[in-house]
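For reference, the structure discussed in these notes is given below.
Residue numbers (UniProt numbering): 1 to 338.
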């Protein structure tokens, strides 16, 4: 699987995950074939565009290997760090391809396409299979947006990429409006839902999430301490700044976590530190954690989470922190409003 897809999908959505379950309330298999056709159209359009761009790049680079004419490579904080625009173009299509595979598998699971049995054609596909396909189309839209941000909007390639991005977002919005996806979405974590088409939809990817502190510290070992107070509380190590609700009313602790040291980090002007949002149940091993900002300077990050800044819920705070370097900030061009 293309590595660019990984941060844009939750584990149950990854290619190869069994899309079977007890909920079969997706579209009927016969209707799903129509959606499969639309996703294939999106994939084919992207493949043709990528092939044309590669040919144009070869004509313009010569032997120097410099970017093709019409490309701009942003270096502002929060923008893509990819130095070669064709690297991003190579990712275009991977989300659509996996969406085709996921939806095709979900259709075959209830009845082979073309089955002569009307009952099988009317059978709904699994909710998870539909969610996989829908979220992969959303990931495809993000990949296209990233590629478009590396091109000039005045060039043919830039215009075509923006049209492809618009098509991907529109297809996602139509798929996401179906009841099966709305039911699945109610069970996913709040910041992934916010990234799909909410407060975080203009960011490159959702914040990384960890289903327990052990996984968090495996990814960020420098942030782990053996403070007994934190072990008892079930929260990650660090300075508890405040509690905020998400839009469903669940409370989250915002923790400023830094490598172990004797100094109060709140006035640090330089990284490293991380802002973590943690929802702590009774047992610390089951604490769900987001890393809202990585390698952030506390001096820059803390004002964005203060009560005085007007950010009163987790989703809005995460969106504000997305502008910091190291978080993968807002994409350009801005995705269309849903």
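In this text, a Cβ means the ideal position worked out from N, Cα and C, and glycines have one as well. No experiment lies behind these values; they were computed from the predicted model shown.
Check, Outcome
"Please classify residue 152 as buried or exposed, where buried requires at least 16 other C-beta atoms within 10 Å of its C-beta.", "exposed"
"Is there contact here, the stretch 144-162 with the stretch 27-39, by at least three beta-carbon pairs under 8 Å?", "no"
"Over what stretch of residues does the alpha helix (DSSP H) that includes residue 190 continue unbroken?", "190-197"
"Mind checking residue 316: buried by the 16 CB within 10 Å criterion, or exposed?", "buried"
"Judging by CA-CA distance, which residue of 99, 121, 204, 146 is the nearest neighbour of residue 323?", "204"
"Which residues mark the beginning and the end of the beta strand (DSSP E) in which residue 290 is found?", "288-293"
"Give a yes or no on contact between the stretch 162-170 and the stretch 208-216, applying the rule of three or more CB pairs nearer than 8 Å.", "no"
"Anyone know if the C-beta pair for residue 139 and residue 95 falls short of 7 Å?", "yes"
"Indicate the three-state DSSP secondary structure (helix, strand or coil) for residue 203 in the structure shown.", "strand"
"Please report how far the alpha carbon of residue 147 lies from the alpha carbon of residue 209, in whole angstroms.", "25 Å"
"Give me, in chain order, the residues of the same chain whose beta-carbon lies closer than 7 Å to that of residue 168; leave out the 5 immediate sequence neighbours on both sides.", "42, 137, 140, 141, 144"
"Looking at the structure shown, is residue 250 part of a helix, part of a strand, or coil, going by DSSP?", "coil"
"Which value, in whole angstroms, describes the spacing of the CA atoms of residue 255 and residue 135?", "29 Å"
"Once you ignore the five residues that flank residue 242 on each side, which residues in its own chain have a CB closer than 6 Å to its CB?", "254"
"Please classify residue 121: is it buried, with 16 or more other beta-carbons within 10 angstroms of its beta-carbon, or exposed?", "buried"
"Just to confirm my understanding: we take residue 123, look at its own chain, exclude 5 residues before and 5 after, and list those with CB closer than 8 Å. What are they?", "24, 28, 29, 110, 111"
"In the DSSP assignment, the alpha helix (DSSP H) including residue 28 goes from what residue to what residue?", "Residue 28 -> no alpha helix (DSSP H), and no H or E assigned at all."
"I need the boundaries of the beta strand (DSSP E) containing residue 277, first residue and last residue.", "274-279"
"Taking the alpha carbon of residue 99 as the reference point, which residue from 2, 89, 51 has its own alpha carbon closest?", "2"
"What is the residue span of the alpha helix (DSSP H) that residue 127 lies within?", "127-148"
"Heavy atom of the ligand GDP less than 6 Å from the Cβ of residue 156, yes or no?", "For the ligand GDP, the structure offers nothing, since it holds no ligand at all."
"On a Cα-Cα basis, can you pick out the residue from 223, 279, 234, 199 that is closest to residue 311?", "199"
"Using the rule of at least 16 other Cβ atoms within 10 Å of the residue's Cβ for burial, across every protein chain shown, is residue 128 buried or exposed?", "buried"
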